[in-house]
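In what follows, a structure is listed as structure tokens, so that the remarks can point back to it.
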Amino acid sequence: MKKYIIQSIRLTVVLTVLLCVIYPLLVAFVSKFSAGKGNGETITLNGKVVGYANVGQKFDQPQYFWGRPSAVDYNAAGSAGSNKGPTNPDYLKQVSDRVDTLLKYHPYLKKGDIPADMVTASGSGLDPDISPAGAAIQAKRVAQNRGLDAEQVSQLVNEHTEKHLFGPATVNVLKLNIALDQLKK
Amino acid sequence: MNSEILGVVASFLITLLIAIPLGKYLAKMFAGERVWTDFLKPLESGLFKLAGIRPGEPMDWKQFLKAMLTINLLWLVYGFFVLIYQDKLPFNPDGNPGMTTDLAFNTIISFVVNCDLQHYSGESGLTYLTQQIIVMFLMFTSAATGIAAAVGLFKAFRDKTTTNLGNFWDFFVKVITRLLLPLSFVVAIILAFNGATASYKGKDQFISLQGDTVNVSRGPAAQMIAIKHLGTNGGGWYGANSAHPLENPNYITNITEIVSQMIVPMAMIIGFGYFIRRKKLGWVIFAMMMVGMFMLLIPTISSELGGNPALTKLGITQTTGAMEGKEVRIGPLATGYWSTLTTIVSTGSVNGMHDSTMPLTGAWQLLGMMINGFFGGCGVGILNYFIYLIIAVFISGLMVGRTPEFLGHKVEAREVKIAAMITLLSPFLIMAGTALAAFVFNNYGDADWAVKPANWLNNPGYHGFSEMLYEMTSANANNGSGFEGLGDNNIFWNVATGFVLILGRFLPIIGPVAIAGMLAKKKYIPESAGTLKTDTFTFGVMTLAVILVLNALSYFPALALGPIAEYFSMK
Chain S
116 MKKYIIQSIR LTVVLTVLLC VIYPLLVAFV SKFSAGKGNG ETITLNGKVV
166 GYANVGQKFD QPQYFWGRPS AVDYNAAGSA GSNKGPTNPD YLKQVSDRVD
216 TLLKYHPYLK KGDIPADMVT ASGSGLDPDI SPAGAAIQAK RVAQNRGLDA
266 EQVSQLVNEH TEKHLFGPAT VNVLKLNIAL DQLKK
Chain D
36 MNSEILGVVA SFLITLLIAI PLGKYLAKMF AGERVWTDFL KPLESGLFKL
86 AGIRPGEPMD WKQFLKAMLT INLLWLVYGF FVLIYQDKLP FNPDGNPGMT
136 TDLAFNTIIS FVVNCDLQHY SGESGLTYLT QQIIVMFLMF TSAATGIAAA
186 VGLFKAFRDK TTTNLGNFWD FFVKVITRLL LPLSFVVAII LAFNGATASY
236 KGKDQFISLQ GDTVNVSRGP AAQMIAIKHL GTNGGGWYGA NSAHPLENPN
286 YITNITEIVS QMIVPMAMII GFGYFIRRKK LGWVIFAMMM VGMFMLLIPT
336 ISSELGGNPA LTKLGITQTT GAMEGKEVRI GPLATGYWST LTTIVSTGSV
386 NGMHDSTMPL TGAWQLLGMM INGFFGGCGV GILNYFIYLI IAVFISGLMV
436 GRTPEFLGHK VEAREVKIAA MITLLSPFLI MAGTALAAFV FNNYGDADWA
486 VKPANWLNNP GYHGFSEMLY EMTSANANNG SGFEGLGDNN IFWNVATGFV
536 LILGRFLPII GPVAIAGMLA KKKYIPESAG TLKTDTFTFG VMTLAVILVL
586 NALSYFPALA LGPIAEYFSM K
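From first to last, the protein sequence lines stand for chains S and D.
Sequential numbering from 116 applies to the first sequence in the numbering used here.
Sequential numbering from 36 applies to the second sequence in the numbering used here.
Okay, structure coming up:
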């Protein structure tokens, strides 16, 4: 028994060095050569970091495309989904309110036009994407608020729709909004 | 939609393509035959020398288990104190506090037993030091413990009669150096190059496009995410686990992570057949597990793609399926696929929130964890399946009126008793635990705990019951996923699941290894016309039937009160 205890202690020490020092440092070193240098990929506008490419941020002003509802209000110091069950009456009321809000800001829409992702909270609360349908329904509102041609904004949405060989098509909200801001000038 | 189907099909095919050769490699490697990774021998000799271990020393089943339990006990004690005092230790760039005693108790058990139930959130509950030297360390070693135990069992059936299960340390170290570490390195690099964070930088701050000040948690996550999947651990660096965009940034990383969590459990089954020189037995078990997996997968996908009927009633279009708790870049199909796999192989990582999945999806997730033997966790999956095999051998023996035998060894009262006790343990822990929780919730709602029992549940009614049932089931299965709406960071859940975790881990390892040790000692009986053949498809189906009947009888009442009742309430 004593033999096993001593062996256990010594093995734990040497494996800690291998698994918790050498391995992670090696990965961290190699990842310095990746796009985000292992720090997470940032997006810069006019020399200033305005966000992370993969981390969703809050948009609620009318001149921007909005992202999905978030259970953590896009606070990226944490992350969480709503964990609301599918039959929870409070939850269904909340979704219903979100639909009403969207209809208020997009009076040209019918209920059936609203895709599910725009009224349901994401798993992380930091979803950077919306579905192409979710972007399409907002194009007219964004155009009106910016005094742009609706066609032009829809065109921009199409350009920012990323189709993938594997997995669903996505629209990165931050990248789309940056393109909008640049369009203005 | 087509690209989503293609994505899932590709994930599945890549899994098979890697798992099958990996299984053959593992069989050779553990048998000590020549393999291409032999160049790592000097590293292993160095580790053995520094640890004072002679890897060639044979162990009988009692010594084997003693070595395993000793080192696990050491981790429990040492990790407990490190977690409590983490605020006073270095590498804490975000200034996170030490853990409370009950949370540290739960957390350390949870990681030692390969469960990774997390009653804290990674961003604020741990420091970079504890994320690495406790959490990530145990992700490697708990997986290696399970696999080494399984190899001990394999060894018992390789030779006709033996008392030697091999050397626990030898298997344990080789699992790390020849399997988990090299694969983790590759996976971590893939993740890092696709946008997962991997550096030691602390929180970042920036001003968003519309002018809000935002803080972003970061850290060396890629390293941990790799082993969290390869070792079927499941604990996330970030609170939202693999739904988090810095933990699972795109569909390629999603495929990488889902493939990583399946390959070792699958390889172990094939490896078993090759190792004991009964390939057919390995393939039959593999096929039955695959049938079991699809039985859970197909209805899961169909209920998720159908969307939430309650939202349909509100007039919302759900062309892509149910989206609550899911990420757009992953989509409901891949999330449904993941949710089945993560519950059958006991990973417990999630790329979407299980609490928000459809009622029947929840039922399939629960059932996957209750059965816990369709591929199952690293090493322990086949140990669980082995118990079902013994029960099936016993029942078939009774049916045909012959003495039950398994691989040339008589299965007698003692072995069957152990198998029966292990089979009954899971329903006992899950039901008694859930019953206790429901009792406390109903009668002591005002108890002065960190979260009052009255505030435990995030959802009312049947779904609330499912939250408690899920937590106990996940703890017993050492899965680690949760219906995360449950307010679980308080003394009741920390302590109760702590005990369920430790019993649900070690008894189902000790039982099968002991049975194997006892069987291997017995005289070998050559196969004759009267032998019940265990490597036929007939016997495979028999085992599957035993699994389904046992679990349906044990758990139907509990499932009926939770997810099934919720399903019918939606109609």
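A virtual CB, placed ideally from N, CA and C, is assigned to each residue, including glycine.
- With respect to chain S, the C-beta atom of GLU158/D has a partner C-beta closer than 9 Å.
- A residue is called buried when at least 16 other Cβ atoms come within 10 angstroms of its Cβ; PHE603/D does not meet this threshold and is exposed.
- For HIS279/S, the closest Cβ of chain D is nearer than 9 Å.
- Neighbours of PRO255/D across chain S, judged by C-beta separation under 7 Å: PRO139, ALA143.
- At a cut-off of 9 Å between beta carbons, ARG256/S makes no contact with chain D.
- Taking a Cβ-Cβ cut-off of 7 Å, the neighbours of ILE124/S in chain D comprise LEU109, given in sequence order.
- The beta carbon of LEU331/D is closer than 7 Å to those of THR375, ILE379, TRP399, LEU402, GLY403 in its chain, skipping five residues each way along the sequence.
- ILE224/D places its beta carbon 9 Å or farther from that of VAL214/S.
- In the DSSP assignment, ASP570/D falls outside any beta strand (DSSP E), carrying neither H nor E.
- If you draw a straight line from the Cα of VAL170/S to the Cα of ALA256/D, it comes to about 15 Å.
- In the three-state reduction of the DSSP assignment, LYS147/S falls in the coil class, being assigned neither a helical nor a strand state.
- When Cβ-Cβ separations below 9 Å define contact, TRP204/D makes contact with chain S.
- The C-beta separation of THR571/D from LEU424/D comes to about 13 Å, leaving the pair out of contact by the 8 Å criterion.
- For HIS444/D, the beta-bridge partners assigned by DSSP are PHE441/D.
- With its beta carbon at least 9 Å from every one in chain S, ASP523/D lies outside the interface.
- Per DSSP, TYR167/S is one residue of the beta strand (DSSP E) stretching across 163 to 167.
- In the DSSP annotation of this structure, THR212/D is not part of any alpha helix (DSSP H), being labelled neither H nor E.
- PRO201/S is classed as buried because its beta carbon has at least 16 other beta carbons within 10 Å across all chains shown.
- Where ASN37/D is concerned, the enclosing alpha helix (DSSP H) starts and stops at 37 to 65.
- Across the structure, THR377/D and ALA512/D are spaced so that their CA atoms are roughly 12 Å apart.
- Per DSSP, ASN141/D lies in no beta strand (DSSP E) segment; the continuous alpha helix (DSSP H) that holds it begins and ends at 136 to 147.
- Shown here, GLN153/D sits in coil according to DSSP, grouped into three states, outside any helix or strand.
- Contact residues of the stretch 253 to 282 of chain D toward chain S are ARG253, PRO255, ALA257, GLN258, TYR273, GLY274, ALA275, ALA278, HIS279, PRO280, LEU281 (C-beta to C-beta distance below 7 Å).
- With contacts defined as CB atoms closer than 9 Å, ASN514/D and GLY383/D qualify as a contacting pair.
- In this structure, LEU218/D keeps its C-beta atom at 9 Å or more from the C-beta atom of VAL548/D.
- Around the Cβ of ASP151/D, a 10 Å sphere holds 16 or more other Cβ atoms; the residue is buried.
- The Cβ-Cβ distance between GLY240/S and TYR189/S falls below 9 Å.
- The three-state reading of DSSP puts THR458/D in helix, counting H, G and I together.
- Residues of the stretch 176 to 193 of chain S that bring their beta carbon within less than 8 Å of a beta carbon in chain D comprise GLN176, TYR179, ARG183, TYR189, ASN190, ALA191, ALA192, GLY193, in sequence order.
- For PRO547/D, the secondary structure class from DSSP, reduced to helix, strand or coil, is helix.
- At a cut-off of 9 Å, the C-beta of GLN259/S has no neighbouring C-beta in chain D.
- Listed as beta-bridge partners of ASN287/S by DSSP are ASP244/S.
- Residue contact check for LYS487/D against chain S: no CB pair falls below 9 Å.
- By a beta-carbon distance limit of 8 Å, ILE422/D does not contact ALA184/D. Their separation comes to about 13 Å.
- Assignment of beta strand (DSSP E) within the stretch 242 to 267 of chain D, counting only whole runs of 3 or more residues, yields 248 to 251 in chain order.
- In the DSSP assignment, THR157/S falls within the unbroken beta strand (DSSP E) covering 157 to 160.
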